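For the record, the sequence lines run as chains A and B.
One gets my numbering by counting positions in the first sequence from 1 and adding 763 to each.
Take the second sequence: its position 216, counting from 1, is numbered 204 in my numbering, and each next residue is one higher.
Single-structure report; data block below.
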Amino acid sequence: MPRLTVESDGVSIDLLDGETILEGLYRNGYAYRIGCRRGGCAICKVDLRKGEVIYDHPVADAVLPADERAGGACLSCRAVAVTDVTIALRQDNLRRVSTLMALYAGSRTG
Amino acid sequence: MAVMRMGYMHVRVTDLAEAKEHYGNTVGLYQTLEQNGRVYYKGWDEWDHHSVVIEEGGVGYVKCGFKCEKPEDIAEIERKTIEFGYPVVRMTAGENPEVGDGIRVTLPSGHEIEFYSSMTAYGLEVGTHNPDAFPRHMVGIGAPRLDHALLWVNDPEGIEKFFIDCVGMFPTERVRTSLEDDAHTIATWLTLGESNHDIALLEAPENKIHHFAFEMRSWDDILKAADIFAMDDVPIDIGPTRHGITRGTTIYFFDPSGNRNETFSGGYRCFRDRPVVTWTPDQLGKAIFYHSRELNDRFLTVAT
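Dropping the structure here:
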């Protein structure tokens, strides 16, 4: 079960196996600026600071060009962590929109 | 009327198998051809060979086509477009499978728009001899037909003029910076007269497609579509709700590649002498999403 740390907000959660970064954060009661949730619009792009992710769907080059990907850009709606990962949001903050979801998910802030 | 309707929309999808599941089983279009990584679809209440084309590789707009009544109409649009100053090239029958000769215009936004007057007839799903009201075994939301598209463009005023002067459209509604005469058009809704709008243009930093829409028969069908989207885990952007602009009822949703689709129903009859409605930016929330009266940030940020 990979651990996700959001460096920009000091938040840390466990990701379920196969879960995307976006799904994990929403399951834990957090929201941030997202768009289509299907890899088409690039609005939910974050910076991957540590760790590795894979994409279980094809991602359009126009959305995530190879050089950006190499530079750490990560499409959070499609990225599945394969190791513990640390990310930073871009010009945005995590918002805790559901304390109930956070309780159910047993998340903790660090 | 020279130009009749938006006849087809062609978009890219990242994963053809997932897109086929969406457009075939969720939207309920009928596949008419699969060839060279492209899949062609029609709605049940459409008679031409296809109205939607999906192509594997990338995401977003490829082109759209408008169907003219007669070949002479294409020649007239070509002449007017050359005079207008937008680049236009001829396309030959077969360049698009099952589509006849035509022209391709490139807008200053880079969007390619095709005009044609013949496409292989395929037939209505209910036929034309003593037809029933709808196909008995509709799939998914059973979208009857392609309706319109909203494009993100760099110059809505200039491109609006093209659609008016060369294509024969007229505006029904606009968003303007103010009610003063020297106001600037931010967005415009244009019709050929049958659909409430055939194309809409929104001023944006990038030249993309915001959405393309299917016309549904009723608000009831829009609600049922939302239920089907829940069953099929389709991400809903907003709705079911109503637009202030056009008064149409709507759901915005995303295909599996993130292209925005819409189910649209209603709106008013459009006549060429209907006064143009103007909306001002302070009322943009109500103009776009009539019930919540708030724009979600995705409306102005998400396009492919």
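Each residue gets a CB set at the ideal place from its N, CA and C atoms; glycine is no exception.
Just so we're clear, the structure is a prediction, and the values are computed from it rather than from any experiment.
Buried versus exposed call for residue i [16 or more other C-beta atoms within 10 Å across all chains shown]
i                      : result
residue 77 of chain B  : exposed
residue 279 of chain B : exposed
residue 71 of chain B  : exposed
residue 873 of chain A : Its pLDDT being 41, under 50, residue 873 of chain A is placed unreliably in this model, and the coordinates cannot settle the point.
residue 176 of chain B : buried
residue 120 of chain B : exposed
residue 867 of chain A : exposed
residue 249 of chain B : buried
residue 36 of chain B  : buried
residue 167 of chain B : exposed
residue 779 of chain A : exposed
residue 257 of chain B : exposed
residue 791 of chain A : buried
residue 863 of chain A : exposed
residue 1 of chain B   : buried
residue 800 of chain A : buried
residue 117 of chain B : exposed
residue 46 of chain B  : buried
residue 84 of chain B  : buried
residue 823 of chain A : buried
residue 69 of chain B  : buried
residue 841 of chain A : buried
residue 221 of chain B : exposed
residue 169 of chain B : exposed
Separation of residue j from residue i, as counted between CA atoms
i                      : j                      : result
residue 183 of chain B : residue 136 of chain B : 8 Å
residue 839 of chain A : residue 766 of chain A : 15 Å
residue 87 of chain B  : residue 27 of chain B  : 15 Å
residue 11 of chain B  : residue 287 of chain B : 22 Å
residue 23 of chain B  : residue 865 of chain A : 48 Å
residue 246 of chain B : residue 81 of chain B  : 31 Å
residue 858 of chain A : residue 285 of chain B : 15 Å
residue 820 of chain A : residue 198 of chain B : 22 Å
residue 213 of chain B : residue 241 of chain B : 10 Å
residue 296 of chain B : residue 48 of chain B  : No answer is possible for residue 296 of chain B: the residues shown for chain B start at -11 and end at 292.
residue 130 of chain B : residue 17 of chain B  : 7 Å
residue 188 of chain B : residue 20 of chain B  : 28 Å
residue 861 of chain A : residue 114 of chain B : 48 Å
residue 67 of chain B  : residue 142 of chain B : 24 Å
residue 93 of chain B  : residue 144 of chain B : 16 Å
residue 201 of chain B : residue 251 of chain B : 6 Å
residue 289 of chain B : residue 262 of chain B : 32 Å
residue 108 of chain B : residue 9 of chain B   : 25 Å
residue 786 of chain A : residue 243 of chain B : 18 Å
residue 826 of chain A : residue 797 of chain A : 14 Å
residue 843 of chain A : residue 112 of chain B : 44 Å
residue 152 of chain B : residue 104 of chain B : 18 Å
residue 253 of chain B : residue 814 of chain A : 47 Å
residue 154 of chain B : residue 224 of chain B : 36 Å
residue 260 of chain B : residue 147 of chain B : 19 Å
residue 856 of chain A : residue 773 of chain A : 10 Å
residue 788 of chain A : residue 794 of chain A : 7 Å
residue 832 of chain A : residue 5 of chain B   : 25 Å
residue 13 of chain B  : residue 3 of chain B   : 15 Å
residue 204 of chain B : residue -3 of chain B  : 17 Å
residue 101 of chain B : residue 54 of chain B  : 8 Å
residue 15 of chain B  : residue 29 of chain B  : 11 Å
Cβ-Cβ separation, residue j to residue i (assumed contact under 8 Å), whole Å
i                      : j                      : result
residue 173 of chain B : residue 160 of chain B : With a Cβ gap of about 13 Å, residue 173 of chain B and residue 160 of chain B do not count as contacting.
residue 274 of chain B : residue 232 of chain B : 5 Å
residue 816 of chain A : residue 845 of chain A : 7 Å
residue -6 of chain B  : residue 186 of chain B : 5 Å
residue 775 of chain A : residue 852 of chain A : Actually they do not touch by this definition, with Cβ atoms about 14 Å apart.
residue -10 of chain B : residue 56 of chain B  : 6 Å
residue 163 of chain B : residue 96 of chain B  : Going by Cβ atoms, the distance from residue 163 of chain B to residue 96 of chain B rounds to 20 Å, so no, they are not a contact pair.
residue 79 of chain B  : residue 65 of chain B  : That pair is no contact at about 13 Å.
residue 299 of chain B : residue 236 of chain B : Because chain B in this structure spans residues -11 to 292, residue 299 of chain B falls outside the shown range and cannot be described.
residue 812 of chain A : residue 849 of chain A : 4 Å
residue 291 of chain B : residue 194 of chain B : 7 Å
residue 140 of chain B : residue 211 of chain B : Incorrect: roughly 29 Å between the Cβ atoms, too far for contact.
residue 128 of chain B : residue 216 of chain B : 6 Å
residue 277 of chain B : residue 229 of chain B : 6 Å
Which runs of the alpha helix (DSSP H) spanning at least 4 residues fall entirely within the segment 203 to 274 of chain B, listed in chain order?
207 to 219, all fully within the segment 203 to 274 of chain B.
Kindly provide the ranges of any beta strand (DSSP E) runs that are 3 or more residues long and lie completely inside the segment 787 to 828 of chain A, ordered along the chain.
Assignment of beta strand (DSSP E) within the segment 787 to 828 of chain A, counting only whole runs of 3 or more residues, yields 808 to 813 and 816 to 818 in chain order.
For the segment 60 to 106 of chain B, which segments carrying the beta strand (DSSP E) assignment without a break, of at least 3 residues, lie completely within its bounds, in sequence order?
Assignment of beta strand (DSSP E) within the segment 60 to 106 of chain B, counting only whole runs of 3 or more residues, yields 76 to 79, 90 to 94 and 100 to 104 in chain order.
Take every Cβ of the segment 129 to 148 of chain B, pair it with every Cβ of the segment 30 to 48 of chain B, and state whether three or more of those distances are shorter than 8 Å.
Of all C-beta pairs linking the segment 129 to 148 of chain B to the segment 30 to 48 of chain B, three or more are shorter than 8 Å, placing the two stretches in contact.
In chain order, what are the residue ranges of uninterrupted alpha helix (DSSP H) at least 4 long that sit wholly in the segment 123 to 168 of chain B?
Residue ranges of uninterrupted alpha helix (DSSP H) with 4 or more members, entirely inside the segment 123 to 168 of chain B and ordered along the chain, are 144 to 153.
Give, in chain order, every unbroken run of the alpha helix (DSSP H) that is at least 4 residues long and sits entirely within the segment 3 to 42 of chain B.
Scanning the segment 3 to 42 of chain B for uninterrupted alpha helix (DSSP H) segments of 4 residues or longer gives 4 to 8, listed from N- to C-terminal end.
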